[in-house]
Each structure stands twice: as C-alpha cells, then as structure tokens.
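**Student:**
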Amino acid sequence: MDEDGRFAFVAQWCRSQGVALDDIAVVGDSRSGIPLFRAAGESIALNATADARAVADHIIGTEDLRNILPLLG
Numbered sequence: 014m015d016e017d018g019r020f021a022f023v024a025q026w027c028r029s030q031g032v033a034l035d036d037i038a039v040v041g042d043s044r045s046g047i048p049l050f051r052a053a054g055e056s057i058a059l060n061a062t063a064d065a066r067a068v069a070d071h072i073i074g075t076e077d078l079r080n081i082l083p084l085l086g
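In the numbering used here, the protein residues as written are 14 to 86.
Right, here's the structure in full:
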C-alpha cells in the first residue's frame, strides 16, 4: 500500500471510530508513513529510513517493540 492509501485507510478508520488523527500514535519505517507521521499526534520512526526519521517525533532503532511503550505515555 502506498502512502496515500495508508493515510486514507487510517483516516477512514479514525472517522468510523470517532477518533481524531491527532489522538493517535503511528509507528513506521519508510516514506509510506510520512503522511501519517505528519497527521498523527505522535509519530515513531522504528528502524526507519532517513525520510521517515526526518519527520518523526521520535526515532528508535530496536528490534523490541516494547521499547516504544514509554513514548505512548
């Protein structure tokens, strides 16, 4: 799925659930996550490309997804 499709899917899901995009956290690793990174309340680049890291709120290099938990409050 490209970045526009991914964004559209998540935006539609948020609307259907009554959740604002700025109330979600997004984890991604590539350019396809950039539109979501920009719209989400928190964005986490996990083992990500330079493009994704450049727009993310947080950058993590790990194989253990538990390491993102402290960033989620």
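Every residue gets a Cβ at the ideal spot worked out from N, C-alpha and C, and that includes glycine.
Give the single residue among D77, G41, A24 whose Cα lies nearest to the Cα of L34.
**Tutor:** Nearest option by C-alpha distance: A24.
**Student:** Quick one: what does DSSP say A61 is sitting in, helix, strand or coil?
**Tutor:** Correct three-state label for A61: coil.
**Student:** If you run the structure through DSSP and keep just helix, strand and coil, what is V68?
**Tutor:** Helix, per DSSP.
**Student:** Going by DSSP, what residues sit across from I47 in a beta bridge?
**Tutor:** Answer is none; I47 lacks a bridge partner.
**Student:** Just the Cα atoms here: how many angstroms apart are G31 and R51?
**Tutor:** Cα to Cα, G31 sits roughly 19 angstroms from R51.
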